[in-house]
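Numbering-wise (the numbering used here), the sequence shown opens with residue 770 and increments by one. For every residue, glycine included, the Cβ atom is placed at its ideal position computed from N, Cα and C. These numbers were taken from a predicted model, which means no experiment stands behind them.
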Amino acid sequence: MRCGSHALNLLVLKLFQVDCFQNIFADASFVIHLFSKGHALYKKLSESTDEYVKVMGMGGATRFSSQISALEVLSHNAEAIKHFQPDQTNWTPRKKQNYKRVLGESSSFWIDVEVLLQIFRPLKQIITKSESTTYRMCDFFSDFVVVSKSMIMSASSNSLTRFFFKEMTDVIG
Numbered sequence: 770m771r772c773g774s775h776a777l778n779l780l781v782l783k784l785f786q787v788d789c790f791q792n793i794f795a796d797a798s799f800v801i802h803l804f805s806k807g808h809a810l811y812k813k814l815s816e817s818t819d820e821y822v823k824v825m826g827m828g829g830a831t832r833f834s835s836q837i838s839a840l841e842v843l844s845h846n847a848e849a850i851k852h853f854q855p856d857q858t859n860w861t862p863r864k865k866q867n868y869k870r871v872l873g874e875s876s877s878f879w880i881d882v883e884v885l886l887q888i889f890r891p892l893k894q895i896i897t898k899s900e901s902t903t904y905r906m907c908d909f910f911s912d913f914v915v916v917s918k919s920m921i922m923s924a925s926s927n928s929l930t931r932f933f934f935k936e937m938t939d940v941i942g
């Protein structure tokens with residue numbers, strides 16, 4: 770069902786352009802690139818924990834489902850990353866500053882990532898389904914109503930989710 774899939778991708782594109790979401794994705798991209806570009810750092814992270822550390826990589830700018838998947842992998846690796854203390858000797862001052870800002874003790878980064886996943890995971894599921902040849906317009910609307918109801922329920926409990934829902938309704942019109 771290309772029309773519904775395209776419409777949903779346009780909606781998600783507009784939502785991804787909201788400043789607070791862009792900031793969280795930029796921070797997530799920093800962490801993902803830190804461990805995906807530095808193979809030695811990823812290896813040290815893997816060796817520092819008994820947990821399985823998934824390989825990280827950021828998706829393309831217009832492949833929203835791959836960006837959401839990247840956040841899911843990042844979330845999976847959260848505990849290992851939280852307890853990991855990398856050697857920052859050869860890092861630039863800017864890289865050290867970004868690391869402290871994003872992953873420092875006072876940061877809300879991990880909470881923000883979980884809230885984004887709570888918001889975007891259902892949309893990712895609809896996007897994935899809508900790319901199927903057997904997915905119909907009535908399936909799209911039914912799934913979208915279910916996701917919207919779930920967001921309304923969670924909007925009362927979280928200010929970022931409330932903000933997202935307001936942005937989503939503004940985008941839809």
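query	result
Supposed close pair F913, I895 - CB separation, criterion 8 Å	6 Å
Whole-angstrom distance between F799 and H845, CA atom to CA atom	16 Å
8 Å Cβ shell around I793 - same chain, five flanking residues per side excluded	F878, D881, V882, L885
Burial state of L843 (16 or more Cβ within 10 Å)	buried
Residue span of the alpha helix (DSSP H) that contains T897, given as start and end	878-899
Straight-line gap, R863 to P855 (C-alpha atoms, nearest Å)	15 Å
Distance between beta carbons of I837 and R890, contact taken as under 8 Å	7 Å
Burial state of V824, where buried means 16 or more other Cβ atoms lie within 10 Å	exposed
Cβ-based burial, K865 [other Cβ within 10 Å; buried from 16]	exposed
Reference S835; option with closest CA among K918, Y811, N778	N778
Own chain, CB closer than 8 Å to S817, minus 5 neighbours either side, in chain order	A849, H852, F853
A839 vs I801 beta-carbon contact at 8 Å	yes
Reference L780; option with closest CA among Y904, K893, Q857	K893
Length of the line joining the Cα atoms of Q786 and F833	12 Å
Cut-off 6 Å between Cβ atoms - residues of its own chain near G826, not counting five sequence neighbours on either side	S805
Assigned exposure category for V822 - 16 Cβ within 10 Å defines buried	buried
C-alpha gap between E820 and H808, whole angstroms	18 Å
First and last residue of the uninterrupted alpha helix (DSSP H) at N867	862-872
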